[in-house]
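Numbering follows this note's numbering, in which position 259 of the sequence shown is assigned residue number 267; successive positions increment by one, without gaps. Cβ atoms here follow ideal geometry from the backbone N, Cα and C, with glycine treated the same way. For reference, the structure discussed in these notes is given below.
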Amino acid sequence: IGKYQLQEKPLAWDAFGVLYDAVDPETNHPVLVKALHAPVKSAEATSVTQPLMGLLHVSLLAAFDEVIIKNRRYVVAPRPEGAELLQEALPRLRAGGLVGRHHLLAILLEICKAVELLHRSGLVSGQIHPASILVNTGTPLQTYLLCFGTLTPQPASQYLENNAFLLYVPQDQLRGGGDFSADIYALGMLLHQSFAKGAPYNTSDPYTLAEQIMWGDFAPFTPDTEGLQGAQAQAISAELDVIGAVVTNALQRDPKARYANLAALRGALEPVAERLSPIELGARLFASQQFDQAAAVLETLVNGPHAAR
């Protein structure tokens, strides 16, 4: 595709396009290429990367190039070495006990900051889901939001028939609209999929799922405590309750009933992330003489980067 060499097997796909691993042979650097579904109607078609120029944030990977062949547009973004799609890392992090849960919350907060930059620039992503996020779960933890363009209206059929991440699309976006609150919904769903025990909707059929999204009929949040010892689950029960309340607020059917902005959502989660830090949680439990819970929390760090501390 132009000068880029794409892998044959796609990494992921959503309502907007298909994502591929690729290489720039001129520099030998890895890149990511998204083949957009929307056809290019004329040679003078507006660039999708132009609005992204000048957006600088450590966690935002904005597309920097695009190739048009016939009526198909291919958009190119950098690919950091060692990073993987969150869709691959999510099951491992969910099974990672306290440390995994703390990492998931840190990932979501970092994505909030990247999306806030878009919003301050008057841009809406509309494409936030586990295949639009890259993570490196080493030390330090690194998180990146892929941005191949901004929200453009899509027909409902496009969301239903070519979208592995329909779950992250609110009803207002399904109806052809969507504004900043659509991104808040998507982040709320990401939080749900990271911390909830069950699925928000009881169906795998896209048309039934779309109908349930339209009516806002999601199941009540129940925290997932699998992989946590009883003392560990008890130690963070209050934090999990707060996460459940944030999910419920962010997933409201009415966009006006969600958080007013991302700063409000982030402000609700940052104290939770601080309290969920295993080393801070363990120290706090020890100081309050809850020694059994403190030991259950701190033992999770013995083989990690904070063992010496």
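Nearest residue (CA-CA) to residue i, options the options
i: Asn-171; options: Thr-147, Leu-60, Gly-134; result: Gly-134
i: Gln-150; options: Phe-229, Leu-112, Thr-158; result: Leu-112
i: Gln-15; options: Ala-23, Asp-32, Phe-24; result: Asp-32
i: Val-334; options: Arg-183, Gly-196, Leu-27; result: Residue numbering for the chain in the displayed model covers 9 to 317; residue 334 lies beyond these limits and cannot be assessed.
i: Met-197; options: Glu-89, Leu-306, Cys-120; result: Cys-120
i: Pro-148; options: Glu-124, Val-123, Glu-307, Ile-115; result: Ile-115
i: Arg-266; options: Thr-308, Leu-131, Asp-180; result: Asp-180
i: Ile-77; options: Ser-245, Val-123, Ala-43; result: Ala-43
i: Asn-144; options: Gly-130, Glu-89, Met-222; result: Glu-89
i: Glu-96; options: Gln-237, Trp-223, Ala-20, Phe-294; result: Ala-20
i: Lys-264; options: Asp-191, Gln-242, Ala-122, Ala-30; result: Asp-191
Expected contact under 8 angstroms - CB spacing of residue i and residue j to nearest Å
i: Ala-85; j: Leu-69; result: 5 angstroms
i: Glu-34; j: Ser-55; result: Not a contact, Cβ separation roughly 21 angstroms.
i: Ala-23; j: Gln-162; result: 5 angstroms
i: Arg-80; j: Val-41; result: Arg-80 to Val-41, Cβ: 12 angstroms. No contact.
i: Leu-142; j: Leu-154; result: 7 angstroms
i: Ala-139; j: Leu-93; result: 5 angstroms
i: Gly-252; j: Pro-231; result: 6 angstroms
i: Ser-67; j: Tyr-152; result: 6 angstroms
i: Glu-247; j: Val-280; result: 5 angstroms
i: Asp-187; j: Val-107; result: Between Val-107 and Asp-187 the Cβ distance is about 36 angstroms, and since that is not below 8 angstroms, they are no contact.
i: Val-254; j: Leu-309; result: Contact doesn't hold; Cβ gap of about 26 angstroms is too wide.
Bounding residues of the alpha helix (DSSP H) (the contiguous stretch that carries residue i)
i: Ala-218; result: 214-223
i: Pro-99; result: 94-102
i: Ala-302; result: 299-306
i: His-200; result: 188-203
Outcome for residue i when other beta-carbon atoms lying within 10 angstroms are tallied against a minimum of 16
i: Ile-136; result: buried
i: Tyr-215; result: exposed
i: Gly-146; result: exposed
i: Phe-229; result: buried
i: Glu-278; result: exposed
i: Ala-268; result: exposed
i: Asp-262; result: exposed
i: Phe-156; result: buried
Rounded C-alpha distance that separates residue i from residue j
i: Asn-36; j: Ala-227; result: 47 angstroms
i: Gly-10; j: Leu-174; result: 30 angstroms
i: Val-177; j: Ala-316; result: 43 angstroms
i: His-45; j: Glu-169; result: 12 angstroms
i: Leu-101; j: Pro-18; result: 23 angstroms
i: Val-305; j: Gly-104; result: 13 angstroms
i: Arg-87; j: Gly-275; result: 30 angstroms
i: Arg-128; j: Gln-240; result: 39 angstroms
i: Leu-126; j: Leu-195; result: 14 angstroms
i: Phe-203; j: Arg-109; result: 8 angstroms
i: Ala-218; j: Ile-244; result: 34 angstroms
i: Gly-25; j: Asp-300; result: 50 angstroms
i: Asn-210; j: Gln-220; result: 9 angstroms
i: Ala-207; j: Ser-50; result: 42 angstroms
i: Leu-270; j: Glu-124; result: 6 angstroms
Endpoints, the beta strand (DSSP E) within which residue i is located
i: Leu-27; result: 25-32
i: Asp-73; result: 73-77
i: Lys-121; result: Not the beta strand (DSSP E): Lys-121 falls in the alpha helix (DSSP H), residues 105-128.
i: Asn-144; result: 141-144
7 angstroms Cβ cutoff, residue i in contact with chain D
i: Gln-135; result: Among the protein chains of the structure shown there is no chain D, as only one such chain exists.
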